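*Asks:* Here you go, one structure.
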Amino acid sequence: ERVITMNLWSSELSKLAANALLAQRISSINALSAICEATGADVDEVAYACGTDSRIGPKFLKASVGFGGSCFQKDILNLVYLSEQLYLPEVAAYWKSVVTMNEYQKMRFTHRIVRTLFNTVTNKRIALLGFAFKKDTGDTRESAAITL
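Dropping the structure here:
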């Protein structure tokens, strides 16, 4: 087992930062997916190419409907609050943008589904597979599928 010794603030910020950095990565690839869609590029090819860079790596580079779960957004919003309380408005705005991009991706995904269904969902049945926010869990708290 690894035990990392640090002060209280470092400990608290480490947990918030780990989740915020993962969420940021998801929002980044989703932002790139919008650019790829608009230009005709393949986001999977772009993600693969970026993931081969050892400084980046391949994890969390799969474009999706967005991040969910009970921790990512909560932890980011805690960083936003903390930044605002510490009079760091630019830092707060940066972390807010991660959440904004996630909301944008969910709406973009929803609009794409409706367009695919000839701009109406009236009298149509839609099945969502994988309703939980990640595989191998039954936890649906804050799942992106709820927005859909």
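The numbering of the sequence shown is my numbering, which starts it at 2 and goes up by one. In this text, a Cβ means the ideal position worked out from N, Cα and C, and glycines have one as well. A quick note: this is a predicted structure, and the numbers were derived from the prediction, not measured.
1) Go ahead and label valine 122 buried or exposed: buried means 16 or more other beta carbons lie within 10 angstroms of its beta carbon, across all protein chains shown.
2) Regarding glycine 69 and the ligand PLP, is the C-beta to nearest heavy atom distance less than 7 Å?
3) Enumerate, from N- to C-terminal direction, the unbroken alpha helix (DSSP H) stretches of 4 or more residues contained entirely within the stretch 77-136.
4) When the distance is taken between beta carbons, is serine 28 closer than 8 Å to valine 99?
5) Which ranges does the alpha helix (DSSP H) cover as unbroken runs of at least 4 residues, wholly within the stretch 31-78, from first to last along the chain?
6) What do you reckon, are the CB atoms on leucine 149 and phenylalanine 110 nearer than 8 Å?
7) When you compare only the Cα positions, how much space is there between leucine 78 and arginine 142?
8) Using DSSP with H/G/I as helix, E/B as strand and the rest coil, what is leucine 149?
9) Below 8 Å between beta carbons: does that hold for alanine 18 and valine 66?
*Replies:* On the basis of the coordinates in this document:
1) exposed
2) Looking at this structure, you won't find the ligand PLP or any other ligand, since it has none at all.
3) 90-117
4) yes
5) 44-52
6) yes
7) 16 Å
8) coil
9) no
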